[in-house]
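All remarks here apply to the structure that follows.
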Ligand code: SF4
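Numbering (this note's numbering), first residue to last: 5 to 407.
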């Protein structure tokens, strides 16, 4: 469980007003003291996330959020953050006290939850108190579970319901889906340079290897320097060569032109985001003018290297090949809507550390504000002159780029 990245775990998020009993419920589900519980409203400020093994599902991550009715300026920011969590959740647990009528804020949240079409559970907390007839009448429209956090009534039922709802969760497509079949040979090109983490491979590489094994393929892994030797010596033509974007240029010149080639980053653009939308975004490059603003959007606090892709390499290539007088902003969270409108384009990272829902939420929010997005891998493939070739494994997007 510890080794399963958060991005690959089912995300179950608890929402509700302050003092609805969310933290106690989370502690009871985890059978542990994770979230601070007190009678003071607003004790949970920042979301608390913890994983557990929930068989037969495997590792799942629960998040306890701040109250949807938090107060003050900071409170408003917390509400915004909490609502953003709705977009990344796989299953929502809406916790509401059994003895109180729904508040206007709860009603507003319920509307958002219903329109998001996420699977959800209604947890009626404080089951030892006298139920509000209005609350019961509302809850009867859905499947609800009564929770008593003191006696642990309802906790096992919540876990069983999560397992039942798991079938309704939209899962991410594996990286090689639709590209390879049983007995295919795949060559992975993995540079071991200063940017490579010591003693291990990065997540997109590991996930691609695992998917290849799941699909009964053979995987050959080489560094870019050895690729030509082993490629020429091999008697079997690989179905595809997949490289780190940084080695695109060298790899493409070391293998035949008719060899299918793409990058981990493009595979993950499809898995984590919307490849068609990223292709459309790339086609906006010719609309960038002097003074345009470009948003570089990342998803984690990774350690930055000297020639960091997001903050150094992409801005440098962009200024050389697209427009020199362009302004870049760098962010790990989506800026406010007023700010978003200032951008002409967003370039999103591979999103390997977050789930697909989070990337889709961001790029759709950008699109709503008339800002198209592309992604690191696509931009680097374009900058290396490798488009449309690197899109060959994806016929629809290949055609979209070419028209
Ligand atoms: S691709 Fe994005 S999520 Fe993955 S390590 Fe880089 S910044 Fe983090």
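Backbone N, C-alpha and C fix where the C-beta goes; we use that ideal spot for every residue, glycine too.
For clarity, every value in this text was computed on a predicted model and none was experimentally measured.
- According to the DSSP assignment, residue 278 belongs to no alpha helix (DSSP H), since it is labelled neither H nor E.
- Separation of residue 98 and residue 61 (C-alpha to C-alpha, rounded to the nearest whole angstrom) is 21 Å.
- Those residues that have a beta carbon less than 5 Å away from any non-hydrogen atom of the ligand SF4 are, in order along the chain, 302, 303, 304, 306, 353, 354, 356, 357.
- Residue burial annotation: residue 260 is exposed, with fewer than 16 other C-beta atoms found within 10 angstroms of its C-beta.
- When the Cα atoms are used, residue 227 and residue 399 turn out to be separated by approximately 28 Å.
- With a cut-off of 8 Å on Cβ pairs, the segment 233–246 is in contact with the segment 187–199, counting three or more such pairs.
- Close CB contacts of residue 286 within its chain, under the 8 Å cut and outside five residues either way in sequence, are with 378, 382, 383, 386, 391, 405 (chain order).
- A straight line joining the alpha-carbon of residue 13 with that of residue 156 spans about 25 Å.
- By the beta-carbon neighbour count (other beta carbons within 10 angstroms, threshold 16), residue 209 is buried.
- At least 9 Å separates the beta-carbon of residue 219 from that of residue 193.
- Look at residue 120 here: in three-state DSSP terms it is coil, with no helix or strand label.
- DSSP places residue 152 in the strand class (E or B) of the three-state scheme.
- Scanning the segment 188–233 for uninterrupted beta strand (DSSP E) segments of 3 residues or longer gives 189–193, 222–226, listed from N- to C-terminal end.
- The segment 59–113 is shown to contain whole beta strand (DSSP E) runs of 3 or more residues at 62–68, 95–101, in chain order.
- One thing to note: residue 10 has its Cβ no nearer than 9 Å to the Cβ of residue 264.
- Between residue 16 and residue 110, the C-beta spacing is not below 9 Å.
- Taken through DSSP and simplified to helix, strand or coil, residue 240 comes out as coil.
- Judged by DSSP secondary structure, residue 385 falls within the alpha helix (DSSP H) whose first and last residues are 380–387.
- Excluding its 5 nearest sequence neighbours in each direction, residue 133 has C-beta neighbours in its own chain below 7 Å: 102, 103, listed in chain order.
- Excluding sequence positions up to five before and after residue 301, its CB lies within less than 6 Å of the CB of 335, 350, 352, all in the same chain and listed in chain order.
- By the Cβ-count criterion, residue 360 is buried, with 16 or more other Cβ atoms from all chains shown falling within 10 Å of its own Cβ.
- Each of 176, 105, 35, 201 was checked against the Cα of residue 309, and the nearest Cα belongs to 201.
- Counting C-beta pairs closer than 8 Å gives three or more between the segment 146–153 and the segment 118–138, which meets the contact rule.
- Excluding its 5 nearest sequence neighbours in each direction, residue 26 has C-beta neighbours in its own chain below 6 Å: 18, 20, 68, 99, listed in chain order.
- Its chain contains 401, 404, 405 as the residues whose beta carbon lies nearer than 6 Å to that of residue 283, once the 5 sequence neighbours on both sides are disregarded; these appear in chain order.
- Taking residue 238 as reference, the option from 246, 250, 224, 91 with the minimal CA-CA separation is 224.
- Nearest to residue 95 by alpha-carbon distance, out of 160, 81, 118, is 118.
- Nearest Cα to residue 90 within the set 74, 63, 81, 121: 121.
- Contact between the segment 316–324 and the segment 366–374 is not established, with fewer than three Cβ pairs separated by less than 8 Å.
- Apart from sequence neighbours up to five positions away, the residues of its chain that approach residue 303 with a beta-carbon distance below 6 Å are 353, 355, 357, 358, ordered along the chain.
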